[in-house]
Amino acid sequence: MQVRWLSAFLDFPAEQFGAEVTFWRAIAGSTVSPPRGEHREFASLQPFAGDPHLRVQRVDDGPGGVHLDLHTDDPRAAAGEAIALGASTVRDAGDYLTLRSPGGFVFCLVGWGGESRRSRPIRWPGDTISIIDQVCIDCPPAVFDAEVVFWSRLTGWGTRSTSRSELVGLRRDQGLTLGLLLQRLDETPPTVDSHLAQARAHLDIATTSVPEEVARHEGWGARVVETFERWTVMADPVGRRYCITSRNPRTGG
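So the sequence shown is numbered by full-length UniProt numbering: it starts at 1 and just counts up by one.
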């Protein structure tokens, strides 16, 4: 399978949808496309330059989260490859298919609509540059190795080492705006909710100044959860976690 484009979908419960779209539109420096879908539940966050790589969805059940759309020439053939690698089918909607990875992470295989223009980072007042450019798949220890193998084989992207043993990156396709990182979480307690025992995901932002980017996000209602040397864990206004990192916003490195 050739991944032609990669989109991150932010899935919001109906009662959070409007406020969350407003927050993430502001953080991304984007506009919001007209709604689409049978129930007007989908929209894209349109960057000022480039094709959309961030999309939003209003969901009727559950707490929402983040899922991936992999755009490819033949979603059905790609689904066959994914299933052969250990994925399972969640839904066959005809023009797209929803699957679950071996570790439980939900993703979609969709047709490629010609997206090819990589988004450029945004320069904010004060000269900070930033972009939402990475999806981090958070894996319980029991499924981490299997998820690394699955995503590397499905995308055809090799792995790259990082400065921390619990993080494995996939080699970036420089034609795409989004990159993929996998993180091994701490051991999951046996009493944890079942959905937390499966792989899930969060968004990462690359910036030239983590402190200035954090302050901008706090102004929109986010809060700091935890601070590390190279990144800060944030929670958006409804508690959804994401990271602001000191990676290069132009290259992702």
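Positions of the beta carbon are idealized from the N, C-alpha and C atoms, including for glycine.
Going by CA-CA distance only, name the one from the options that's closest to residue i.
{"i": "I83", "options": "G65, R240, P102, G94", "result": "P102"}
{"i": "L167", "options": "V59, R184, E213", "result": "R184"}
{"i": "V59", "options": "G18, L178, D95", "result": "G18"}
{"i": "G252", "options": "L6, L178, A78", "result": "L178"}
{"i": "P13", "options": "S246, G239, V225", "result": "G239"}
{"i": "A199", "options": "E213, M1, W124, I137", "result": "I137"}
{"i": "D127", "options": "T72, P211, L176, A79", "result": "P211"}
{"i": "S116", "options": "W124, S7, S161", "result": "S7"}
{"i": "P52", "options": "V32, E38, R172", "result": "V32"}
{"i": "E81", "options": "R172, F23, R100", "result": "R100"}
{"i": "Q154", "options": "L170, R160, C139", "result": "Here residue 154 turns out to be Leu, not Gln, going by the sequence shown. If we check each option's Cα against that of L154, L170 comes out closest."}
{"i": "D133", "options": "F105, L180, T159", "result": "L180"}
{"i": "P125", "options": "R223, F228, E213", "result": "E213"}
{"i": "G156", "options": "T72, Y242, T162, V225", "result": "T72"}
{"i": "F228", "options": "S246, S30, F23", "result": "S246"}
{"i": "A197", "options": "P140, R120, R230", "result": "P140"}
{"i": "P47", "options": "V90, R120, G158", "result": "R120"}
{"i": "residue 257", "options": "P237, Y242, V233", "result": "What is shown of the chain runs 1 to 253, which leaves residue 257 out entirely."}
I need the straight-line Cα distance from residue i to residue j, nearest angstrom please.
{"i": "P190", "j": "G62", "result": "Here P190 scores only 48 on pLDDT, less than 50, and its place in the model should not be relied on; the value that follows carries that caveat. Approximately 21 Å, taken between the alpha carbons."}
{"i": "P249", "j": "G94", "result": "36 Å"}
{"i": "R164", "j": "L182", "result": "11 Å"}
{"i": "S194", "j": "D186", "result": "Unreliable placement is indicated for S194, whose pLDDT of 48 sits below 50; no coordinate value is reported for it."}
{"i": "P35", "j": "A215", "result": "31 Å"}
{"i": "D74", "j": "L97", "result": "11 Å"}
{"i": "E15", "j": "V21", "result": "11 Å"}
{"i": "S161", "j": "E38", "result": "43 Å"}
{"i": "D145", "j": "A222", "result": "32 Å"}
{"i": "F105", "j": "R230", "result": "26 Å"}
{"i": "V114", "j": "G158", "result": "It is Gly, not Val, that sits at residue 114 in the sequence shown. Using only the alpha carbons, I get a separation of about 24 Å."}
{"i": "Q57", "j": "V224", "result": "25 Å"}
{"i": "R241", "j": "R91", "result": "27 Å"}
{"i": "G64", "j": "R40", "result": "17 Å"}
{"i": "D173", "j": "E226", "result": "30 Å"}
{"i": "I129", "j": "S30", "result": "14 Å"}
{"i": "T232", "j": "H217", "result": "12 Å"}
Do residue j and residue i have their beta-carbon atoms positioned less than 8 Å apart in this structure?
{"i": "D69", "j": "V110", "result": "yes"}
{"i": "T207", "j": "I244", "result": "yes"}
{"i": "A201", "j": "V135", "result": "yes"}
{"i": "L45", "j": "R25", "result": "yes"}
{"i": "H67", "j": "F107", "result": "yes"}
{"i": "I131", "j": "I205", "result": "yes"}
{"i": "L10", "j": "A28", "result": "no"}
{"i": "W112", "j": "W220", "result": "no"}
{"i": "R118", "j": "L203", "result": "no"}
{"i": "M1", "j": "A78", "result": "yes"}
Pairs of beta-carbons, one from the region 147-166 and one from the region 83-94, closer than 8 Å: are there three or more? yes
If you scan the UniProt domain "Glyoxalase-like" (134-245) from start to end, which runs of the beta strand (DSSP E) of 3 or more residues do you find wholly inside it? 167-170, 179-184, 200-207, 223-227, 231-235, 241-245
Starting from the N-terminal side, write out each stretch of the beta strand (DSSP E) that is 3 residues or longer and does not extend beyond the region 35-109. 42-46, 54-59, 65-72, 88-92, 96-100
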